[in-house]
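Just below is one structure, and these are the notes that go with it.
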Amino acid sequence: MILGIPTIRDRIVQQACKIVIEPVFEANFLDSSYGFRPKRDAKQATEKVKKELYKNWYVVDADIQGYFDNINHEILLGLLNRRISDRRVIKLCRQWLQAGVIENGKYYPTEKGSPQGGVISPLLANVYLHVLDSYWENHKELGVIVRYADDAVIVCRTRKDAELAFEHLKRIMTKLKLTLNPQKTKIVDMNKESFDFLGFCYQKFGKTQSGRKLPYMMPSKKAMKKVKDAIRVITCRKSAYEGLEQKVGKLNPLIRGWRNYFQHGNSTKRFKQLDEYVWMKLWRRVYYRRKQKKYRAHVLYGFRKWYATSRIEYFYYLNKKRYVAVF
Numbered sequence: 001m002i003l004g005i006p007t008i009r010d011r012i013v014q015q016a017c018k019i020v021i022e023p024v025f026e027a028n029f030l031d032s033s034y035g036f037r038p039k040r041d042a043k044q045a046t047e048k049v050k051k052e053l054y055k056n057w058y059v060v061d062a063d064i065q066g067y068f069d070n071i072n073h074e075i076l077l078g079l080l081n082r083r084i085s086d087r088r089v090i091k092l093c094r095q096w097l098q099a100g101v102i103e104n105g106k107y108y109p110t111e112k113g114s115p116q117g118g119v120i121s122p123l124l125a126n127v128y129l130h131v132l133d134s135y136w137e138n139h140k141e142l143g144v145i146v147r148y149a150d151d152a153v154i155v156c157r158t159r160k161d162a163e164l165a166f167e168h169l170k171r172i173m174t175k176l177k178l179t180l181n182p183q184k185t186k187i188v189d190m191n192k193e194s195f196d197f198l199g200f201c202y203q204k205f206g207k208t209q210s211g212r213k214l215p216y217m218m219p220s221k222k223a224m225k226k227v228k229d230a231i232r233v234i235t236c237r238k239s240a241y242e243g244l245e246q247k248v249g250k251l252n253p254l255i256r257g258w259r260n261y262f263q264h265g266n267s268t269k270r271f272k273q274l275d276e277y278v279w280m281k282l283w284r285r286v287y288y289r290r291k292q293k294k295y296r297a298h299v300l301y302g303f304r305k306w307y308a309t310s311r312i313e314y315f316y317y318l319n320k321k322r323y324v325a326v327f
């Protein structure tokens, strides 16, 4: 992965360039693209996928291998040339793409890829994959594509449609000189399997009166592990010198941000699990600091009383009523 942190001067110039050219490309970008665009976000992308799963049963889960590191400069500059006539802007974009990197004091030129960290890099990445969006717009019989930057899924009605969409996808990737990850790119049968997209796990279960399964989206196992790891770091023994209020002050922004992102899915069960996990981790910090075991029952009572009246936030808001009701 190329991580390029531009200087202040470069950042200002990139921002100015983006302000000028973004409206030009936004006029052509399609509704299937949700990443790094004004008034569009991951929440809209995840809800669109769920909506399409009500009437479709197969998904092509696409994973582009090392997307940002493998963008072809000549293809990208050719796409920019189609919409931008000012040669100075094209020259600037070429210089940013080919700026190179310095590692251990030695300069290495960048022959392909777009450095992540640049102000203009997300826009250039969207310009490159607009080729994919446009192709699907002209071949709607292949299914519905939902793309967030380099994460994309194609929702299809039948397995035959999904297999055909997969073949077309491989052709476009070849045209763009990109590669699909063979281990992660797959066709998913929603009757039997699930898939992850933007932190959510999509599954179909339950039945309507007509006997059809319903789509559900909930935090994925990977997302759950990531947030639990973050909670563990905040509450670990290495931070034992911190008081409980200090730990709560660090936990609250994490809980709030995670809850705000995942609350529009079917996340109640996972939220309850995380609230119990937070309670357990904080209680353990108190429990193991009390050497005399005979006093631990009193400590538990005090901890529960403190927890019920503390300012800690909850993943699932009804859990607060449950904890407070004890006292």
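Residues in the sequence shown are numbered from 1 upward in steps of one, following UniProt numbering. Note that the Cβ used here is the ideal one computed from N, Cα and C, for glycine as well.
Whether residue i touches residue j by CB criterion (7 Å)
i, j, result
"W258", "V227", "yes"
"Y58", "A152", "no"
"Y135", "Y34", "no"
"C201", "S210", "no"
"Y316", "F271", "yes"
"V188", "V49", "no"
"G30", "E141", "Looking at the sequence itself, residue 30 is Leu, so the reference to Gly does not match. No. Outside cutoff."
"N28", "C156", "no"
"R83", "V20", "no"
"D69", "G113", "yes"
"L123", "K18", "yes"
"T46", "L214", "no"
"A165", "I154", "yes"
Selected residue, minimal CA-CA separation from residue i, among the options
i, options, result
"L282", "E242, K269, R270 and P253", "E242"
"Y307", "K247, G113, D133 and T268", "K247"
"V127", "G118, Q273, G302 and L80", "L80"
"N252", "F25, K50, E313 and G206", "E313"
"P115", "Y277, Y67 and E167", "Y67"
"K250", "Y261, I231 and S267", "I231"
"P219", "D196, D41 and E103", "D196"
"K204", "C17, A27, I5 and K51", "K51"
"I102", "I5, L132, A125 and R82", "I5"
"M224", "C236, T179, L244 and Q273", "Q273"
"E111", "T185, L77, G265 and D229", "L77"
"C245", "K43, N260, E276 and T309", "Here residue 245 is Glu; the residue named in the question, Cys, does not match the sequence. The option with the nearest alpha carbon to E245 is T309."
"Y277", "K207, Q263 and C236", "C236"
"K42", "L129, R311, Y261 and G206", "The identity of residue 42 in the sequence shown is Ala, whereas the question assumes Lys. The residue with the shortest Cα to Cα distance from A42 is Y261."
"R212", "K184, L53 and E22", "L53"
"H264", "E26, L254, K39 and Q44", "Q44"
"M190", "T158, I255 and S267", "T158"
"D229", "K207, L254 and Q98", "L254"
Nonlocal neighbours in the same chain, by C-beta distance under 6 Å from residue i, ignoring five residues either side
i, result
"N181", "D63 and Q65"
"K177", "N72"
"P109", "G100"
"D133", "L30, S32 and S33"
"Q15", "V119"
"K294", "In this predicted model, K294 has a pLDDT of only 49, less than 50, meaning its place in the structure is not dependable enough to derive any value."
"Q292", "Residue confidence is low: Q292 scores 46 on pLDDT, short of 50, so the model does not pin down where it sits. No coordinate-derived value is stated."
"Y107", "G100"
"R256", "E313"
"R284", "none"
Neighbourhood of residue i by C-beta, 8 Å cutoff - its chain only, sequence neighbours within 5 removed
i, result
"F36", "P122, L123, A125, N126 and A149"
"K175", "V131"
"H168", "Y135, H139 and L142"
"K170", "L180"
"K269", "M218"
"I90", "L77, L80, N81 and I84"
"E26", "R37 and P38"
"R87", "none"
Close Cβ partners of residue i (< 7 Å) along its chain, the five nearest in sequence each way excluded
i, result
"E22", "L123"
"R311", "V248"
"K184", "D63"
"K186", "D61"
"R40", "Y34"
Near the ligand ADP: residue i beta-carbon under 6 Å from a heavy atom
i, result
"T268", "For the structure depicted, the ligand ADP is absent and the ligand set is empty, with no information on it obtainable."
Next item on the list: Assess, as a yes-or-no matter, whether the region 93–106 is touched by the region 67–84 under the definition of 3 or more beta carbon pairs within less than 8 Å.
Entry: yes
Notebook entry, point to check: Contact between the region 2–19 and the region 111–127: three or more CB pairs below 8 Å?
Noted result: yes
Check: In the region 170–220, which residue ranges form an unbroken alpha helix (DSSP H) of at least 4 residues, counting only runs that do not cross its ends?
Finding: none
Notebook entry, point to check: Can you list, in chain order, the stretches of the beta strand (DSSP E) that have 3 or more residues and sit fully within the region 40–72?
Noted result: 58–63
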